[in-house]
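Colleague:
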Amino acid sequence: MGGGSGGSYTPINIDAITAAANERIQSAFKEERSILFVCNSADQNELQDRIKKSEALKKRPFDISTEGDAAVDKKAASAALVILFSNKSDDHSHINNAIVSASAHKKQSIYVKGDEAQTIPQYVAQFRVRTVSWSALLEILA
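Going by our numbering, the letters in the sequence shown line up with residues 799 to 940, in that order.
(1) What does the alpha-carbon distance come out to for the pair aspartate 913 and proline 809?
(2) Along the beta strand (DSSP E) that carries valine 930, what are the first and last residues, could you check?
(3) Does DSSP put isoleucine 810 in a helix, in a strand, or in coil?
(4) Looking only at DSSP bridge pairs, what is lysine 911 linked to?
(5) Is the separation between the beta-carbon of aspartate 895 and that of alanine 915 shorter than 8 Å?
(6) Give every residue of the same chain whose Cβ lies closer than 6 Å to the Cβ of methionine 799, excluding the five residues on either side of it in the sequence, and list them in chain order.
(7) Can you tell me whether DSSP reads aspartate 867 as helix, strand or coil?
(8) Would isoleucine 908 be called buried (16 or more neighbouring beta carbons within 10 Å of its own) or exposed?
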């Protein structure tokens with residue numbers, strides 16, 4: 799025999815969930831500590847160009863971690879916010895490692911998908927990391 803939950807239908811208010819998520823990111827962004835950007839070297843120049851064009855980001859202290867950075871765990875631990883970025887690269891192992899580090903240190907993280915990104919890192923879905931476009935990130939941080 800099949801069983802039901804016995805409860806009534808409860809609608810999910812996506813707007814409230816999104817607003818709460820934005821508030822957590824804004825709160826982390828307002829801290830005085832630096833932001834850690836994580837990307838692969840193929841996307842580093844694109845990321846730096848986007849940061850330079852952003853009024854909100856270029857005034858903040860930040861660090862960029864690319865593959866081969868053995869200190870990504872330490873950097874994630876000391877960062878106020880971890881922003882993961884990919885655009886052209888399909889190798890996401892470094893971003894996946896950063897997601898594990900950010901999660902272990904209970905850091906707010908957000909995945910920013912570039913205009914040309916074909917795939918997203920496996921751990922973005924597995925760890926339920928929020929995914930936004932670059933323009934949406936700038937709106938959240940404004």
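Using N, Cα and C, we set each Cβ at its ideal position, and we do this for glycine too.
Modeller: This is what the structure gives:
(1) The sequence position of residue 913 within the sequence shown is 115, counting from 1. The sequence position of residue 809 within the sequence shown is 11, counting from 1. Each residue's Cα considered, the two are about 33 Å apart.
(2) Within the sequence shown, numbered from 1, the residue matching residue 930 stands at position 132. From DSSP, the beta strand (DSSP E) with valine 930 extends over 928-931.
(3) As a working note, residue 810 is residue 12 in the sequence shown. DSSP places isoleucine 810 outside both helix and strand once states are collapsed to three, so it counts as coil.
(4) By 1-based counting over the sequence shown, the position of residue 911 is 113. According to DSSP, which records beta bridges pairwise, lysine 911 is partnered with Ser884 and Ser931.
(5) Taking the sequence shown and counting its residues from 1, one reaches residue 895 at position 97. Taking the sequence shown and counting its residues from 1, one reaches residue 915 at position 117. According to the sequence displayed, residue 895 carries asparagine and not aspartate. Contact: no.
(6) Within the sequence shown, residue 799 is the residue found at index 1, counting from 1. Confidence is the limiting factor: at methionine 799 the pLDDT is only 48, short of 50, which leaves the residue's position unreliable and the question unanswerable from this model.
(7) For this step, residue 867 is matched to residue 69 along the sequence shown. In the three-state reduction of the DSSP assignment, aspartate 867 falls in the coil class, being assigned neither a helical nor a strand state.
(8) Working through the sequence shown from its first residue, we reach residue 908 at position 110. Buried: at least 16 other Cβ atoms inside 10 Å.
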